[in-house]
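S.K.: In the numbering used here, the protein residues as written are 330 to 635. Every residue, glycine too, gets a C-beta built ideally from N, C-alpha and C. My questions will all concern the structure given below.
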């Protein structure tokens, strides 16, 4: 079900009513991470002759996957590469960049949990997009992950046949945590039966690497500027969950204010963002249930109880 382009599960009204009556016990959200992968778009060609003033750059493009309609959670919706934390993400991992303690301060969780969330972000980006934010040392990054041996490793990770730490160790690689910046944190509403506590990160596509349509959970991938993706949502062409369209609008605002920032500038700007968790709440107003997300009024819904 959708309203404009917003993913809206048909079972929500009944679950919201049950939650409002105190008949639902909230599910503990599963830790998760997702990555807004960015790549710089080339600036427009300069004008010639009497072509008029030069156009401005459009800013970086972001990578989106459309989840298969058969998926139990958000089927048919566009999202970023990401997924749940593997318990093994808490184990010892070859690491470069800010320490786990520094990430703990930024994410507002204990160091072991911060490591797991960052590790999940890097692992899931490789699993779902074939892009690996890791390198032989703290100053370099893998340039190509398209060979059959890389694909074998990716599939083994997806199947949980090998941990990400063991994969890095065998390849003699270190996780480059400095290639990520935390952007936001969203928690699935209490009345949902599948709940996630998801950290959103931004990262730039490493030089030499390219995304690959390898996720078994998606049936389409697209690179689009945040503004174009948001416009597709507004036209009802791109189905999205509130966190996805909200972060796209935030990226659009940032790039428009600065006449099109580069991906590296977006990462730098993310460092000052507020990571207070955003979680929907439901309240009764007369015969209506009002569903709202703090600070995001466009997602408010009113559901009749009669």
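So the candidates are 388, 343 and 394; which of them puts its Cα closest to the Cα of residue 540?
M.R.: Checked all of 388, 343 and 394; the closest Cα to residue 540 is 394.
S.K.: Quick check: the Cα distance between residue 516 and residue 476, rounded to an integer number of angstroms?
M.R.: If I take the Cα positions, the gap works out to 37 Å.
S.K.: Got a sec, what are the start and stop residues for the beta strand (DSSP E) residue 529 sits in?
M.R.: Counting along the chain, the beta strand (DSSP E) containing residue 529 begins and ends at 525 to 533.
S.K.: On the DSSP bridge assignment, give the partners of residue 515 in chain order.
M.R.: Answer is 527 and 607.
S.K.: Out of 396, 627, 616 and 507, state which residue places its alpha-carbon closest to the alpha-carbon of residue 444.
M.R.: Checking every option, the nearest Cα to that of residue 444 belongs to 507.
S.K.: With three or more beta-carbon pairs closer than 8 Å as the criterion, would you say the region 341 to 351 touches the region 423 to 435?
M.R.: The region 341 to 351, when compared against the region 423 to 435, does not touch it at the 8 Å Cβ threshold.
S.K.: Taking only three categories from DSSP, how would you classify residue 461?
M.R.: DSSP places residue 461 in coil when its eight states are reduced to three.
S.K.: Rounded to the nearest angstrom, how far is the Cβ of residue 410 from that of residue 366, given a contact under 8 Å?
M.R.: Rounded, the Cβ-Cβ distance is 7 Å, consistent with contact.
S.K.: Helix, strand or coil: how does DSSP classify residue 414 here?
M.R.: The answer is coil: DSSP assigns residue 414 none of H, G, I, E or B.
S.K.: Using a Cβ-Cβ distance under 8 Å, would residue 524 count as near chain D?
M.R.: Although the question refers to chain D, the structure presented lacks it and comprises just one protein chain.
S.K.: Determine, using beta carbons only, whether residue 526 and residue 631 come nearer to each other than 8 Å.
M.R.: No.
S.K.: By the three-class DSSP mapping on this structure, what secondary structure does residue 633 have?
M.R.: Three-state DSSP puts residue 633 in a strand.
S.K.: In its own chain, which residues sit with a C-beta less than 7 Å from the C-beta of residue 355, not counting the 5 before and 5 after it?
M.R.: 519.
S.K.: From the DSSP output, which residues share a beta bridge with residue 626?
M.R.: Note: residue 626 sits in no beta bridge, so no partner.
S.K.: Using a Cβ distance threshold of 8 Å, determine whether the region 528 to 535 contacts the region 450 to 467, with at least three qualifying pairs required.
M.R.: Result yes; three or more Cβ-Cβ pairs closer than 8 Å.
S.K.: Would the beta-carbon of residue 528 fall within 8 Å of that of residue 425?
M.R.: In this structure, residue 425 does not lie closer than 8 Å to residue 528 by Cβ.
S.K.: In three-state DSSP terms, what is residue 477?
M.R.: Looking at residue 477 - three-state DSSP - the assignment turns out to be helix.
S.K.: Suppose contacts are defined by Cβ-Cβ distances below 8 Å. Is residue 502 in contact with residue 471 by that definition?
M.R.: In contact: residue 502 and residue 471 (Cβ atoms closer than 8 Å).
S.K.: Need the endpoints of the beta strand (DSSP E) that residue 548 sits in, please.
M.R.: Unbroken beta strand (DSSP E) run through residue 548: 547 to 553.
S.K.: For the alpha helix (DSSP H) containing residue 596, list its first residue and its last residue.
M.R.: Note, residue 596: alpha helix (DSSP H), 592 to 599.
S.K.: Measure the Cβ-Cβ separation of residue 620 and residue 629 and say whether it is below 8 Å.
M.R.: Their beta carbons are under 8 Å apart, which means residue 620 touches residue 629 by this criterion.
S.K.: May I ask which residues mark the beginning and end of the alpha helix (DSSP H) holding residue 504?
M.R.: First-last for residue 504: 503 to 505, but that is the beta strand (DSSP E), not the alpha helix (DSSP H).
S.K.: Of the choices 420, 512, 462 and 413, whose alpha-carbon is the least far from that of residue 602?
M.R.: The shortest C-alpha separation from residue 602 is found at 512.
S.K.: In the DSSP assignment, the alpha helix (DSSP H) including residue 602 goes from what residue to what residue?
M.R.: First-last for residue 602: undefined, no H or E at that position.
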